[in-house]
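Peer 1: Can you keep this structure in mind? I'll have questions shortly.
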Amino acid sequence: MTSRKLIHNMNPRFPNFLPLSSSTHFSSPFAPKPPSVLATNVIKSYLEAGLVNDARILFDEMPDRDVVAWSAMISGYTSRNRPADAWAAFRDMLPDVRPNEFTFSSVLKACKIMNSLPRGAMAHALALRHGFLGSIYVANALMDMYAACCDDMNRARAVFEEIGVKNSVTWTTLIAGYTHMGDGHGGLDVFRRMLLEEAELNPFNVSIAIRACTSIGSQAFGKQIHSTVFKHGFETNIPVMNSVLDMYCRCIGLSDADQSFGEMVERDIITWNTMIAGYEKSDPYKALDLYSRLMLEGHVPNCFTFTSVVAAVANIAILGLGEQVRGGVVRRGLEDDMGVANALIDMYAKCGSIVSSCKIFKAMRCKNVVSWTSMMIGYGSHGHGKEAVALFNKMVESGVRPDRIVFVAVLNACSHTGLVDEGLEYFKAMVYRYNITPDQEIYGCVVDLLGRAGRLPEAYKLIEAMPFMPDESVWGAFLGACKAHKLTELGSKAARRVLDLRPGVAGTYLALSSLYAANGKWGDFARMRKLLKGMGSKKEAGMSWIEVKNQICSFVAGDKMGSHIDWVYEAVDTLGLHIKDAQYNPDLQCLEDDLE
DNA sequence: TTAGGGTTAG
Numbered sequence: 001m002t003s004r005k006l007i008h009n010m011n012p013r014f015p016n017f018l019p020l021s022s023s024t025h026f027s028s029p030f031a032p033k034p035p036s037v038l039a040t041n042v043i044k045s046y047l048e049a050g051l052v053n054d055a056r057i058l059f060d061e062m063p064d065r066d067v068v069a070w071s072a073m074i075s076g077y078t079s080r081n082r083p084a085d086a087w088a089a090f091r092d093m094l095p096d097v098r099p100n101e102f103t104f105s106s107v108l109k110a111c112k113i114m115n116s117l118p119r120g121a122m123a124h125a126l127a128l129r130h131g132f133l134g135s136i137y138v139a140n141a142l143m144d145m146y147a148a149c150c151d152d153m154n155r156a157r158a159v160f161e162e163i164g165v166k167n168s169v170t171w172t173t174l175i176a177g178y179t180h181m182g183d184g185h186g187g188l189d190v191f192r193r194m195l196l197e198e199a200e201l202n203p204f205n206v207s208i209a210i211r212a213c214t215s216i217g218s219q220a221f222g223k224q225i226h227s228t229v230f231k232h233g234f235e236t237n238i239p240v241m242n243s244v245l246d247m248y249c250r251c252i253g254l255s256d257a258d259q260s261f262g263e264m265v266e267r268d269i270i271t272w273n274t275m276i277a278g279y280e281k282s283d284p285y286k287a288l289d290l291y292s293r294l295m296l297e298g299h300v301p302n303c304f305t306f307t308s309v310v311a312a313v314a315n316i317a318i319l320g321l322g323e324q325v326r327g328g329v330v331r332r333g334l335e336d337d338m339g340v341a342n343a344l345i346d347m348y349a350k351c352g353s354i355v356s357s358c359k360i361f362k363a364m365r366c367k368n369v370v371s372w373t374s375m376m377i378g379y380g381s382h383g384h385g386k387e388a389v390a391l392f393n394k395m396v397e398s399g400v401r402p403d404r405i406v407f408v409a410v411l412n413a414c415s416h417t418g419l420v421d422e423g424l425e426y427f428k429a430m431v432y433r434y435n436i437t438p439d440q441e442i443y444g445c446v447v448d449l450l451g452r453a454g455r456l457p458e459a460y461k462l463i464e465a466m467p468f469m470p471d472e473s474v475w476g477a478f479l480g481a482c483k484a485h486k487l488t489e490l491g492s493k494a495a496r497r498v499l500d501l502r503p504g505v506a507g508t509y510l511a512l513s514s515l516y517a518a519n520g521k522w523g524d525f526a527r528m529r530k531l532l533k534g535m536g537s538k539k540e541a542g543m544s545w546i547e548v549k550n551q552i553c554s555f556v557a558g559d560k561m562g563s564h565i566d567w568v569y570e571a572v573d574t575l576g577l578h579i580k581d582a583q584y585n586p587d588l589q590c591l592e593d594d595l596e
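Per UniProt numbering, the first sequence starts with residue 1, numbered consecutively.
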């Protein structure tokens, strides 16, 4: 039966409609239901089936829409991710029908989804006026809304403290509020208080508490809660075990995660996604193996799966493999997902095809700050610094607010393109216009920016003015610049600071020795080399790789690659000729350092 | 006849 036909059958203007007479008694279970109840039931069925517009048509044809019908419609819009329609319906009902606690809990959820504090606060005021703040449903929904819409937990906390008799949802909502905001310690504090007040553990509060442990990297608490999982028999609950797996992947180790994964009797797509994300960086081949296995077991990969699988391919950097995975994305109609598209931009750039990155980026209908950043980093790593900087300006023009990571990208692009003054302007804008507090990474970028351009006194001044102790990455950038510009005095000063922070790092001694060599200080050079030999530790080799027929061949300076080494040196000679053609005199000293 | 909390990415 089509929805229109059904609506006609239900409509009081049609003869087959059940009439509502004053003699009808509703107390008996066999008594006919009033029309509004029947209509609301049909509306609910439509909403459950996802036929939101049909539900609305029927709703609009109802002659007497009571609070239940309105609440069902508002709740339907909210659960079908149409929060603006839910809010509009809420406003429309107010002049005629008095909302109840069901209405408020649904509309507050809509405010949460819209991330709209003004609307949420208005709903709060109305709930107060109508006297529904005593409802635990309304109070919990209010807490949840404030946790999602505010920058801190103060308002959510105030609502929580006002609740006389808290239930398990109250506790879980507050713990989740802190944890999702990034305050895992706050979440765990509430969890501890919950235990002290002898509230019961359940799979909801346990899984969010594990997530809180993961967010603060607490192995001890994480393991402790994992043992609680067994004590309470939650090891068969999939969301709980998914949290446990994620905690092992991020905080403890992949082999432990693997063990728990193997012990799970039942798994869902999130289980597989968690493991794939866990392996994506450290063992991308294993991540791809899991991807194949999940499909063999009958699961359907989703956008989360592909985001991690595409990232794994980016780490392997085989373009052919990337094209295959992209085929899977397109087959499942997921190419419009923002997360997947962002991962594809990064993957293509890392596989060497910046043109494909550009195509994906340009085809995106919606872009977020990650999309712009991925494209900028792609341009930067392909030597197109000016394009990266231009993209930053375009991003700001399009109304996207830059975050700290975008500034890392634009500062790196400026640094590699020699746009020093522009880079300094971006640094100032970051601090004063966007109120982003620079961290070690940002200072490292600015030191690198100034250092590459030879403006080392300014770089040194900046380091001295830092409001916290510079770490080895900041000093490392400075040392690199001293080496490039052959400034021995400043360089050895920087090296001493790096060694104070991280003693025994071979790379620092190596950088220092080449600095001495570049300035003809052979005595100091010999002393450094002797020290290095005595340390017995080696600098981590910088590795290069090339894709040949879908296979990756990696090599380091001085590598013996059998018969292939001749090809490599031939290619290096050709490059050398090109470099000289471009009127550049290559510095071969650095090559010899690496060969030591 | 209408309402609630947890897990995966960038």
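Built from N, CA and C at the ideal position, the CB exists for glycine as well.
Since the model is a prediction, treat every value here as computed from it, not as a measurement.
Going by CA-CA distance only, name the one from Thr271, Glu297 and Ile442 that's closest to Val240.
Peer 2: Looking at the Cα atoms, Thr271 is the closest of the given residues.
Peer 1: Going straight from the alpha carbon of Tyr584 to that of Val572, what length do you get?
Peer 2: About 15 Å.
Peer 1: Look up Thr24 in the DSSP assignment and say whether it is helix, strand or coil.
Peer 2: At Thr24 the pLDDT is 40, less than 50, meaning the model places this residue with poor confidence and gives no usable figure here.
Peer 1: Mind checking Ser21: buried by the 16 CB within 10 Å criterion, or exposed?
Peer 2: With a pLDDT of 38 at Ser21, under the threshold of 50, the predicted position of this residue should be treated as unreliable, and no value is reported.
Peer 1: Give me the Cα-Cα distance between Ala125 and Val68, rounded to the nearest whole angstrom.
Peer 2: For Ala125 and Val68, the distance between alpha carbons rounds to 21 Å.
Peer 1: Nearest by alpha-carbon distance to Ala314: which of Met347, Gly320, Pro284 and Ser282 is it?
Peer 2: Nearest of Met347, Gly320, Pro284 and Ser282 to Ala314, Cα basis: Met347.
Peer 1: Compare the beta carbon distance of Val396 and Val369 with 8 Å and say whether it is the shorter of the two.
Peer 2: Their beta carbons are not under 8 Å apart, which means Val396 does not touch Val369 by this criterion.
Peer 1: Note down the Cα distance separating Arg119 from Ile318, rounded to an integer number of angstroms.
Peer 2: Their Cα atoms are separated by approximately 49 Å.
Peer 1: Within 10 Å of its beta-carbon, does Ile345 have 16 or more other beta-carbons around it, so buried, or fewer, so exposed?
Peer 2: So Ile345 ends up on the buried side.
Peer 1: Between Gln259 and Cys249, what straight-line distance do the alpha-carbon atoms span, to the nearest angstrom?
Peer 2: Cα to Cα, Gln259 sits roughly 11 Å from Cys249.
Peer 1: Under 6 Å Cβ to Cβ from Lys350, same chain only, skipping five residues before and after it: list those, please.
Peer 2: Within the same chain, Lys350 has close Cβ partners Ala314 and Ala317.
Peer 1: Locate the alpha helix (DSSP H) running through Leu126, then write down its first and last residues.
Peer 2: Per DSSP, Leu126 belongs to the alpha helix (DSSP H) from Leu117 to Arg129.
Peer 1: Taking the C-alpha atoms as reference points, what is the distance between Thr24 and Asn154?
Peer 2: Confidence in Thr24 is poor, its pLDDT being 40 and thus under 50, which makes the residue's placement unreliable; the coordinate value appears in the next sentence. The straight-line gap from Cα to Cα measures roughly 52 Å.
Peer 1: For His185, count neighbouring Cβ atoms within 10 angstroms of its own Cβ and tell me buried if that reaches 16, exposed if not.
Peer 2: Burial call: exposed.
Peer 1: Give the straight-line distance between the Cα atoms of Ala494 and Gly520, rounded to the nearest whole angstrom.
Peer 2: So the alpha carbons of these two residues sit roughly 19 Å apart.
Peer 1: Can you give the beta carbon distance from Val325 to Ile276, rounded, assuming they're within the 8 Å contact cut?
Peer 2: Contact flag wrong, Cβ pair sits at about 12 Å.
Peer 1: For the candidate residues Ala88, Ala413, Ala453 and Gly418, whose alpha-carbon lies nearest to that of Ile442?
Peer 2: When only C-alpha atoms are compared, the closest one is Ala413.
Peer 1: Alpha carbons only, please: which of Ser381, Gly380, Met338 and Ile377 is nearest the one belonging to Ile360?
Peer 2: Among Ser381, Gly380, Met338 and Ile377, the Cα nearest to that of Ile360 is on Met338.
Peer 1: Once you ignore the five residues that flank Arg157 on each side, which residues in its own chain have a CB closer than 8 Å to its CB?
Peer 2: Leu174, listed in sequence order.
Peer 1: Determine the direct distance from the alpha carbon of Leu321 to that of Val406, and round the result to whole angstroms.
Peer 2: Looking at the two C-alpha atoms, the distance is approximately 28 Å.
Peer 1: Would you grab the beta carbon distance between His130 and Arg98 for me? Rounded to a whole angstrom, and I think it's under 8 Å.
Peer 2: Going by Cβ atoms, the distance from His130 to Arg98 rounds to 7 Å, so yes, they are a contact pair.
Peer 1: Taking buried to mean at least 16 other C-beta atoms within 10 Å of its own C-beta, is Asn435 buried or exposed?
Peer 2: The residue is exposed, with fewer than 16 neighbouring Cβ atoms inside 10 Å.
Peer 1: Runs of 4 residues minimum, wholly inside the segment 155–193: which ones carry the alpha helix (DSSP H) assignment?
Peer 2: Counting only runs of 4 or more, we get 168–180.
Peer 1: Classify Leu245 as buried or exposed, calling it buried when 16 or more other Cβ atoms lie within 10 Å of its own Cβ.
Peer 2: Buried: at least 16 other Cβ atoms inside 10 Å.
Peer 1: How many angstroms separate the CA atom of Asp144 from the CA atom of Val159?
Peer 2: Computed Cα separation, rounded: 10 Å.
Peer 1: Cα-Cα, which of Tyr137, Lys428 and Leu450 is closest to Asn100?
Peer 2: With distances taken between Cα atoms, Asn100 lies closest to Tyr137.
Peer 1: Which residue from Leu510, Leu450 and Pro402 puts its Cα closest to that of Ala477?
Peer 2: It is Leu450 whose Cα lies nearest to the Cα of Ala477.
Peer 1: Are the Cβ atoms of Ser513 and Leu532 separated by less than 8 Å?
Peer 2: In contact: Ser513 and Leu532 (Cβ atoms closer than 8 Å).
Peer 1: Tell me the DSSP secondary structure of Asn342 in three-state form.
Peer 2: In this structure, Asn342 counts as helix in the three-state DSSP scheme.
Peer 1: Which residues bound the alpha helix (DSSP H) around Asp54?
Peer 2: Here the alpha helix (DSSP H) through Asp54 covers Val52 to Glu61.
Peer 1: Would you report the Cα separation of Pro284 and Ala312, rounded to the nearest angstrom?
Peer 2: Computed Cα separation, rounded: 5 Å.
Peer 1: Closest by CA to Gly182, which one among Gly454, Ser473, Met114 and Gly217?
Peer 2: Considering only alpha carbons, the answer is Gly217.
Peer 1: Using C-beta distances below 7 Å, list every residue in its chain close to Glu472, excluding the 5 sequence neighbours before and after it, in chain order.
Peer 2: Val498, Leu501 and Arg502, listed in sequence order.
Peer 1: Here's a check: name, in chain order, each residue in its chain whose Cβ is nearer than 6 Å to the Cβ of Thr307, leaving out the five neighbours to either side.
Peer 2: Excluding residues within five positions, the ones whose Cβ falls inside 6 Å are Gly339, Val340 and Ala343.
Peer 1: Pick helix, strand or coil for Asn273, following the three-state DSSP scheme.
Peer 2: Correct three-state label for Asn273: helix.
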